[in-house]
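Here the structure comes first, spelled out in structure tokens, and everything after it is commentary.
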Amino acid sequence: MQFLYDQDAGAETVKIEGENHKYLFKVRRFHEGDILTLCNLEDDTFYDYRVTEVHKRDAFLVLQDSRKVISEQKALHLIWCVIDPKTIEKTLPVLNQLGVTKISFVYCSRSQKNFKIDMQRMRKILINSAQQCGRIHLPKIEVLNSLDDMLGKYKDFAVLDFGGEKEWGALESVLIGCEGGFSDVEREKLQNRYKIGLKTDLILKSETAAVAIAAKLLI
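Here the sequence shown stands for residues 0 to 218, numbered as in numbering that gives the first Met the number 0.
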């Protein structure tokens, strides 16, 4: 764990309870006098706290120091057609570690409409990932109801699709289809977009393609 997320990080005194209390003092075995690093994932700052009191159900920390973090991070917006949420949840920590800055989930023609994106659960997964990898801010997450909604909101993006160019440089926004790619109707709507491909003859799963694109552009 690189830090502990707490929305009150930055305050002179922080009260720890619930799951965080159990994790810190029963699993990690922190004690009075130990120093903990907290982050609120909002202000690009690590806050160092000393544990001053530990009780059965809560504990109290007092601020000792703070460190502003300057991040020269590349930007990448993934526009990702909705696939099975269980698969998305397994892939999110990897995309977070790679530094993806925004993910727009879009219900495309081949997305199953019964798949529902649980935003609170996604945020919890991203927070846990950030605590482990040390990322100080979370990617933005949104859900769009259709490709048309996405096209009305975003104009500048590349499309990962069969037959796309294998040689390409820096990109800040990429659309990735779900299993089976795009429908004929969707391809017609995307026909004037810049299309890219990956240097493989293998058929990649949607989540594999998302990770491959993020890795190629960000690290």
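We put the beta carbon where it would ideally sit given N, CA and C, even for glycine. No experiment lies behind these values; they were computed from the predicted model shown.
Note: L60 is bridge-paired with V13 and V50 in the DSSP secondary-structure output. Non-local C-beta neighbours of C177 in its own chain, meaning closer than 7 Å and more than five positions away in sequence, comprise C80, V81, I82, C107, R109, S110 and S205, ordered along the chain. Using a 10 angstroms sphere on the CB of Q72, the tally of other CB atoms stays under 16, which defines it as exposed.
For R66, the three-state secondary structure derived from DSSP is strand. Under DSSP, the beta-bridge partners assigned to I34 are R49. Note on geometry: alpha-carbon atoms of G162 and Y193 lie some 11 Å from one another. For the options A58, E166, I87 and L3, the alpha carbon positioned closest to that of Y46 is the one of L3.
Of the candidates P138, A157 and T12, the residue whose Cα lies closest to the Cα of D57 is T12. For C80, the enclosing beta strand (DSSP E) starts and ends at H76 to C80. For the pair V173 and L97, the CB atoms are not nearer than the 9 Å cut-off.
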